[in-house]
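Chemist: Protein chains in written order, with my numbering: chain V, 1 to 114; chain B, 1001 to 1114.
(1) For the beta strand (DSSP E) holding residue 84 of chain V, just list the boundary residues, first then last.
(2) Apart from the five residues on each side of it in sequence, which residues of its chain come closer than 7 Å, Cβ to Cβ, to residue 68 of chain V?
(3) At 8 Å on the CB atoms, spell out the chain V contacts of residue 1106 of chain B, in chain order.
(4) Would you identify the three-state DSSP class for residue 1082 of chain B, choosing helix, strand or coil?
(5) Thinking just about the alpha-carbon of each residue, which of B:1079, B:1092, B:1099, B:1091 is nearest to the one in residue 1114 of chain B?
(6) Pick out whichever of B:1097, B:1057, B:1017, B:1101 has its Cα sitting closest to the Cα of residue 1111 of chain B.
(7) For residue 97 of chain V, which three-state DSSP category applies?
(8) Tell me the rounded alpha-carbon separation between residue 1052 of chain B and residue 1032 of chain B.
(9) I want to verify the contact list: residues of chain V whose CB lies under 8 Å from the CB of residue 1041 of chain B, in sequence order.
(10) In angstroms, rounded to a whole number, what distance separates the CA positions of residue 58 of chain V and residue 46 of chain V?
(11) I'd like the list of long-range same chain contacts for residue 29 of chain V, defined as Cβ closer than 7 Å, with 5 residues on each side in sequence excluded.
(12) To which residues of the same chain is residue 14 of chain V closer than 7 Å at the C-beta, ignoring the five residues directly before and after it?
(13) Please report whether the beta-carbon of residue 93 of chain V lies at a distance below 9 Å from any beta-carbon of chain B.
(14) If we ignore side chains and look at the alpha-carbon of each, how far apart do residue 32 of chain V and residue 49 of chain V end up?
(15) Candidates B:1037, B:1001, B:1005, B:1022: which alpha carbon is nearest residue 1083 of chain B's?
(16) Using a beta-carbon distance below 9 Å, is residue 1099 of chain B in contact with chain V?
(17) Going by C-alpha to C-alpha distance, which of V:42, V:27, V:56, V:19 sits closest to residue 34 of chain V?
(18) State yes or no: is the C-beta of residue 102 of chain V within less than 9 Å of the C-beta of residue 20 of chain V?
(19) Does DSSP classify residue 1063 of chain B as helix, strand or coil?
(20) With a threshold of 9 Å between beta carbons, is residue 34 of chain V in contact with chain B?
(21) Can you tell me which of V:52, V:37, V:112, V:70 puts its alpha carbon nearest to the alpha carbon of residue 106 of chain V?
(22) Got a sec? Which residues, its chain only, sit under 7 Å from residue 1104 of chain B by beta carbon, not counting five neighbours each side?
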């Protein structure tokens, strides 16, 4: 099946710094990508839909200025957590639907803000 | 809004035991239903799906039937193996392919003991 990668898999940063997470579709083009956040023992919550060549669509309650999303090409979307704080510590997962198929998920990025 | 309620884990079974993981949903319209599996260190993978009432999805010995009257999509397997140890997520989508926004349950961690 299709492959979606995420980088980095693990990141630790100091409070107040910004962190960028990359999501790549390795063998297909994706005009849309999804960013999810998962808290311990909880469900995946959709944060935003990333659209190639246009602005991302954010879910209610997600701060656009806090979580910047850029879908620069048909194979790359980035999520930047700006001025990160400990409450932003979480597991971030991206997914991309292959044309006419289901969504393929990345392995996730664990963020720890100290 | 749409929601998915999933049986809480963790679930621990002996090899060759029968498995049931309950999943019920609330949705407007006629959603498609999915089970995703996440093996350790990997991204979520589609396990099976059903797109209309009374459809049965099946894969790798797992089955689930779309029950509209009880709004349920319970996952079953007759004889589990150690390799089935993973986290299982029930989800729904407005798309038959699941290439649109997905609403997930909380996930159930399954451990199979030899």
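Glycine residues also receive a C-beta, built at the ideal position from the N, C-alpha and C atoms.
Modeler: On the basis of the data shown:
(1) For the purposes of this step, residue 84 of chain V is identified with residue 84 of the first chain, where counting begins at 1. Element bounds for residue 84 of chain V: n/a, residue is neither H nor E.
(2) Here residue 68 of chain V corresponds to residue number 68 of the first chain, with the count starting at 1. Excluding residues within five positions, the ones whose Cβ falls inside 7 Å are 80, 82.
(3) The residue you call residue 1106 of chain B lines up with position 106 of the second chain. Here the neighbours are 41, 42, 43.
(4) The residue labelled residue 1082 of chain B in the question sits at position 82 within the second chain. Helix at residue 1082 of chain B.
(5) One-based indexing of the second chain puts residue 1114 of chain B at position 114. Answer by Cα proximity: B:1079.
(6) Locating residue 1111 of chain B in the second chain gives position 111, counting from the first residue. Here the closest residue by C-alpha is B:1017.
(7) Here residue 97 of chain V refers to the residue found at position 97 when the first chain is read from its first residue. In this structure, residue 97 of chain V counts as strand in the three-state DSSP scheme.
(8) Here residue 1052 of chain B refers to the residue found at position 52 when the second chain is read from its first residue. Here residue 1032 of chain B refers to the residue found at position 32 when the second chain is read from its first residue. Spanning the two alpha carbons is a distance of roughly 7 Å.
(9) Sequence index remark: in the second chain, residue 1041 of chain B carries index 41 (1-based). Under the 8 Å cutoff, chain V gives 107.
(10) Numbered from its first residue, the first chain carries residue 58 of chain V at position 58. Numbered from its first residue, the first chain carries residue 46 of chain V at position 46. Each residue's alpha carbon lies about 9 Å from the other.
(11) Here the question's residue 29 of chain V lines up with position 29 in the first chain. These residues qualify, in order along the chain: 74, 75.
(12) For this step, residue 14 of chain V is matched to residue 14 along the first chain. The residues are 114.
(13) Residue 93 of chain V sits at position 93 when you count from the first residue of the first chain. For residue 93 of chain V, the answer is yes, since a Cβ of chain B falls inside 9 Å of its Cβ.
(14) As a first step, residue 32 of chain V must be located in the first chain, where it is residue number 32. As a first step, residue 49 of chain V must be located in the first chain, where it is residue number 49. If you take the alpha carbons of residue 32 of chain V and residue 49 of chain V, they lie about 7 Å apart.
(15) Residue mapping note: residue 1083 of chain B aligns to position 83 of the second chain, counting from 1. Answer by Cα proximity: B:1037.
(16) To locate residue 1099 of chain B, count along the second chain from 1; it is residue 99. So yes, residue 1099 of chain B belongs to the interface.
(17) For the purposes of this step, residue 34 of chain V is identified with residue 34 of the first chain, where counting begins at 1. Residue 34 of chain V has its Cα closest to that of V:56, out of V:42, V:27, V:56, V:19.
(18) Here residue 102 of chain V is taken as the residue at index 102 of the first chain, counted from 1. Here residue 20 of chain V is taken as the residue at index 20 of the first chain, counted from 1. No; because the gap between Cβ atoms is not below 9 Å, this pair is not in contact.
(19) Translated into positions along the second chain, residue 1063 of chain B becomes position 63. In the structure shown, residue 1063 of chain B sits in a strand (DSSP, three-state: E or B).
(20) Along the first chain, read from residue 1 onward, the residue named residue 34 of chain V stands at position 34. Taking Cβ atoms only, chain B reaches closer than 9 Å to residue 34 of chain V, which makes this a yes.
(21) Here residue 106 of chain V corresponds to residue number 106 of the first chain, with the count starting at 1. With distances taken between Cα atoms, residue 106 of chain V lies closest to V:37.
(22) Your numbering for residue 1104 of chain B matches position 104 in the second chain. Counting only Cβ-Cβ distances below 7 Å, and skipping sequence neighbours, we find 1004, 1089, 1091.
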